[in-house]
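Residues 1 to 145, numbered by my numbering, are exactly what the sequence shown covers, in order. Note that the Cβ used here is the ideal one computed from N, Cα and C, for glycine as well.
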Amino acid sequence: MAALTLALQPTATISLLLTFNHLSSVPITLTYSPEHVLHHSYYSLYTKARILGHKRGKRNSRPNQSIIQIEGVDSKEDARAYLGKRVAYVYKAKRVINGSKIRVIWGRVSRPHGNSGKVKSKFRSNLPAKLFGASCRVMLYPSNI
């Protein structure tokens, strides 16, 4: 694992290309500003994705598997880099539980779907159909690099 040390200006944006293996790489943008350093450092360890729907046939829908399009992934080889990664659908509920209104439905990327970079994933509880088209996060962990 390589360490990255940079001398940053008061406000700087860094664009990196994170490479998992010789076949696939993921674009990541890090933004730095002094206000973040005072309270916390803010780097995202996830890639944005979109929930497209359930696995289905012509007539039957299989809601225990969801199809997801990961941002910046457009081939089956690139999608293989995300196998085993965790997926989080983060949403805000009305009622406060344990001091927070924010809830998460966790899942895991299980396999590629088709040739255009989509992946299948299984969530702990089935995703409702009203989430089709919603954004989710594909975490860059667990990592094997």
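Extent of the continuous alpha helix (DSSP H) to which residue i belongs
| i | result |
| --- | --- |
| Arg80 | 76-80 |
Where residue i sits in the DSSP three-state scheme
| i | result |
| --- | --- |
| Lys92 | strand |
| Leu131 | helix |
| Ser116 | coil |
| Ser125 | coil |
| Gly107 | strand |
| Val73 | coil |
| Cys136 | strand |
Extent of the continuous beta strand (DSSP E) to which residue i belongs
| i | result |
| --- | --- |
| Pro142 | Run containing Pro142: none; DSSP gives neither H nor E here. |
| Arg50 | 46-56 |
| Met61 | Note on identity: in this sequence residue 61 is Ser, with Met being the wrong assignment. Run containing Ser61: 61-70, per the beta strand (DSSP E) assignment. |
Residues of its chain near residue i, where Cβ-Cβ distance is below 7 Å and the 5 sequence neighbours each way are ignored
| i | result |
| --- | --- |
| Arg62 | His54, Lys55, Arg56 |
Whole-Å CB distance - residue i paired with residue j, under 8 Å assumed
| i | j | result |
| --- | --- | --- |
| Ile51 | Leu127 | 6 Å |
| Arg137 | Tyr46 | 4 Å |
Exercise for the section: Could you tell me whether the region 71-91 touches the region 106-114, where touching means 3 or more Cβ pairs closer than 8 Å? Expected result: Taking a cut-off of 8 Å on C-beta distances, the region 71-91 touches the region 106-114, as three or more cross pairs fall below it.
Exercise for the section: Pair every Cβ in the region 115-127 with every Cβ in the region 65-73, then say whether three or more of these pairs are closer than 8 Å. Expected result: Short answer: they touch.
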